[in-house]
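>
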Amino acid sequence: MAENAKIPLCTHAQVQEAGVLKVAHPQHKDISMVLIHKDGACFAYRNVCPHFSIQLDNAQGRFFTYQNRYIMCAHHSAMFEVDTGLCVDGPCKAHSLQAENVVVEDGQVFWLSHGF
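If you read the sequence shown in the numbering used here, its first letter stands for residue 2, the second for the next number, and so on.
Shown next, in the form of structure tokens:
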């Protein structure tokens, strides 16, 4: 993969409609990413809770949010701020989700590799 890759993930409409969307990570095949729509923006994190390194979604691939301000780990109820990824409540309080670089252009969500 090129050092400065810009990889399409999905349409912005898909994220808006779902609110929270799981997509494959373009660089790490063993993990996924979570895209979250809030106030017209798209936030992206690795789908890995800092507590025991498990996925945030449940077995059915569903994510839970609280008042569109927090994303909640389905396994241990840790609450993460959508805007920052910071855990504000739960077993990994004060730890953060790992952010991913994304940009919305022409209705498409793109993942930006490091150094782009």
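Yeah, the Cβ is synthetic: ideal placement off N, Cα and C, and Gly gets one too.
Using the C-alpha atoms, what's the distance from F111 back to C11?
Counting from 1 along the sequence shown, the entry for residue 11 is found at position 10. Counting from 1 along the sequence shown, the entry for residue 111 is found at position 110. Answer to the nearest angstrom: the Cα atoms are 8 Å apart.
> Would you tell me roughly how many angstroms separate the C-alpha atoms of Q28 and Q68, rounded to the nearest one?
Taking the first residue of the sequence shown as position 1, residue 28 is located at position 27. Taking the first residue of the sequence shown as position 1, residue 68 is located at position 67. For Q28 and Q68, the distance between alpha carbons rounds to 31 Å.
> Count the other C-beta atoms from every protein chain shown that fall within 10 angstroms of the C-beta of N59, then say buried if there are 16 or more, exposed otherwise.
Within the sequence shown, the letter at position 58 stands for residue 59. It is exposed - the Cβ of N59 has fewer than 16 other Cβ atoms within 10 Å.
> Would you give the residue range spanned by the alpha helix (DSSP H) that E106 belongs to?
Taking the first residue of the sequence shown as 1, we reach residue 106 at position 105. Unbroken run through E106 is the beta strand (DSSP E), V103 to E106; no alpha helix (DSSP H).
> Is it buried or exposed, A79, if we count other Cβ atoms within 10 angstroms and call 16 or more buried?
For the purposes of this step, residue 79 is identified with residue 78 of the sequence shown, where counting begins at 1. Its Cβ being crowded by 16 or more others within 10 Å, A79 is buried.
> Determine the extent of the alpha helix (DSSP H) in which A14 is found, giving its start and end residues.
What you label residue 14 is simply residue 13 of the sequence shown in a count that begins at 1. It spans H13 to A19 - the alpha helix (DSSP H) in which A14 sits, taken as one unbroken run.
> Given that a residue counts as buried once 16 or more other Cβ atoms are within 10 Å of its Cβ, and exposed if not, what is G108?
Residue numbering aside, residue 108 sits at position 107 when the sequence shown is read from its first letter. Classification for G108: exposed.
> Can you check which of these residues, T66, P51, H76 and K23, is closest to A45 by C-alpha distance?
Taking the first residue of the sequence shown as position 1, residue 45 is located at position 44. The candidate whose alpha carbon is nearest that of A45 is K23.
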